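> First, the structure itself, so that you have it in front of you.
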Amino acid sequence: MEFSRLKLALTNLLPRDATEFFKYQVLVDHLRLEEACLIANSYINSPRPYSDTIAGLNEKFGQPHHVVLKRIAVVMDSPEIRRGDTAAFERFALHVQSLVGMLKTLGPDVEVELRCGSHVARLLTKLPPELRASFRRHMFHRPGSTHTLLDLAEWLKYELWCQGYDIPSNTRPQGSLGHKVERRHSRSAATVLHGTESSAENSYRKSAFCGTVNNMTWPCSLQDDHHTWKDLVEAVLCELHGAAGQDNPVTASDYQQAEMVIYQRIQNDYFPEELHHLKEGKPVRKSSRLLTLSPELDPKESGDKPQV
1 MEFSRLKLAL TNLLPRDATE FFKYQVLVDH LRLEEACLIA NSYINSPRPY SDTIAGLNEK
61 FGQPHHVVLK RIAVVMDSPE IRRGDTAAFE RFALHVQSLV GMLKTLGPDV EVELRCGSHV
121 ARLLTKLPPE LRASFRRHMF HRPGSTHTLL DLAEWLKYEL WCQGYDIPSN TRPQGSLGHK
181 VERRHSRSAA TVLHGTESSA ENSYRKSAFC GTVNNMTWPC SLQDDHHTWK DLVEAVLCEL
241 HGAAGQDNPV TASDYQQAEM VIYQRIQNDY FPEELHHLKE GKPVRKSSRL LTLSPELDPK
301 ESGDKPQV
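As structure tokens, this is what we get:
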């Protein structure tokens, strides 16, 4: 099936006046199977590499009967449908309808597969008992006749319509999305049943530093407003190392140290309880915003404890 799609795409997209070698290179760039690549390599020195490669690939992967047998095997090996699993029933119906559509387009060579009653009997075993009974009721007006894949596909289409699968796809939950939503609800229910430690009185709900530098608990030399980040860094740098001069040059590491001091002071101001817990080796509440801000503890205050 993949080869048929590839051949159809190349036929419609490649320019009619393109050379054999150009089309051959485009074809080789889209081959993924090792067997297909080996077939293409065998015609690399041919005067008509593209046409010969397509013929070789068609003989290996494009024979209608081989394609049909592989497709039938995929549908026949599908898992059984559990009772009430409407999503699995829809997938099963679409697979059968796709198989029937392919058989109808391949002509009389595969007509025997389309009208094979054993295929229908085996596919019906995938359905729960009530759906098998529904199919027999649907075919009651034709007693004694062999049920074909055409009959099964027609009934599956009718059954899907009866179950309401004709509504727009954007208004009904998808299978994987439905499972995700269900798991999320179940997790929330467990929290309600078992309780939680956080409460409005005890949870840490404090403002975090968002980039605006105002007067905070700085030393006296930093009490004035600093309109830019550079002004604040320069002030802290002056506090740590004194005024810069020829005898006291400022290095890049000094600037990094000043910025780290600013971060530590901001965290100490906004997260005093959390940092106190960290210094004592206690866990921080999961609701604390400090967990997302990567705190740095003051080495002078934390002693030998590792940095967080």
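In terms of full-length UniProt numbering, the sequence shown opens at residue 1 and continues consecutively.
Glycine included, each C-beta is placed from N, C-alpha and C at the ideal position.
Just so we're clear, the structure is a prediction, and the values are computed from it rather than from any experiment.
#1: Whose CA, out of 43, 79 and 9, lies closest to the CA of residue 20?
#2: Just the C-alpha distance for residue 311 and residue 159, rounded to the nearest angstrom, thanks.
#3: Assign residue 34 to one of two classes, buried (16 or more other C-beta atoms within 10 Å of its C-beta) or exposed (fewer than that).
#4: Between residue 57 and residue 68, what straight-line distance do the alpha-carbon atoms span, to the nearest angstrom?
#5: Using 8 Å for Cβ pairs, my map puts residue 83 next to residue 128. What's the rounded Cβ distance?
#6: Does the ligand PLP have a heavy atom nearer than 8 Å to the CB of residue 139?
#7: Between the stretch 96-105 and the stretch 142-156, can you find at least three pairs of beta-carbon atoms closer than 8 Å?
#8: Where does residue 374 fall in DSSP's three states?
#9: Alpha carbon to alpha carbon, what distance is there between residue 25 and residue 65?
#10: Start and end of the alpha helix (DSSP H) containing residue 63?
#11: Have a look at 236, 164, 102 and 112 and flag the residue whose alpha-carbon is nearest the alpha-carbon of residue 147.
#12: For my contact list, residue 257 and residue 240 are in at a C-beta cut-off of 8 Å; report their separation, rounded to the angstrom.
#13: For residue 49, count the other beta carbons within 10 Å of its own beta carbon; 16 or more makes it buried, fewer makes it exposed. Which is it?
#14: Assuming contact is defined by CB atoms lying nearer than 9 Å, are residue 3 and residue 61 in contact in what I supplied?
#15: For residue 254, report the span of its alpha helix (DSSP H) as first-last.
#16: Just the C-alpha distance for residue 41 and residue 79, rounded to the nearest angstrom, thanks.
#17: Under 9 Å, do residue 262 and residue 233 count as touching if we go by C-beta distance?
#18: Helix, strand or coil, according to DSSP, for residue 56 in the structure here?
#19: Relative to the C-alpha of residue 81, which candidate in 101, 28 and 126 has its C-alpha closest?
#20: May I have the straight-line CA-CA distance separating residue 289 from residue 228, to the nearest angstrom?
#21: Give the straight-line distance between the Cα atoms of residue 46 and residue 52, rounded to the nearest whole angstrom.
#22: Which residues mark the beginning and the end of the alpha helix (DSSP H) in which residue 18 is found?
#23: What's the C-alpha gap between residue 110 and residue 164?
#24: Express the C-alpha separation of residue 5 and residue 12 in angstroms, rounding to a whole number.
#25: Residues in its own chain within less than 7 Å of residue 135 by CB, not counting five upstream and five downstream?
#26: Around the C-beta of residue 29, are 16 or more other C-beta atoms found within 10 angstroms, so that it is buried, or is it exposed?
#27: Within 10 Å of its beta-carbon, does residue 73 have 16 or more other beta-carbons around it, so buried, or fewer, so exposed?
With the structure as the only source:
#1: 43
#2: Missing from the structure shown is residue 311; the chain here goes from 1 to 308 and no further.
#3: exposed
#4: 16 Å
#5: 4 Å
#6: For the ligand PLP, the structure offers nothing, since it holds no ligand at all.
#7: yes
#8: Look at the range of the chain in this structure, 1 to 308, and you will see that residue 374 is not part of it.
#9: 29 Å
#10: No alpha helix (DSSP H) contains residue 63, which DSSP labels as neither H nor E.
#11: 112
#12: 7 Å
#13: buried
#14: yes
#15: 252-270
#16: 39 Å
#17: yes
#18: helix
#19: 126
#20: 25 Å
#21: 8 Å
#22: It is not in any alpha helix (DSSP H) - residue 18 carries neither H nor E in the DSSP assignment.
#23: 33 Å
#24: 11 Å
#25: 124 and 155
#26: exposed
#27: exposed
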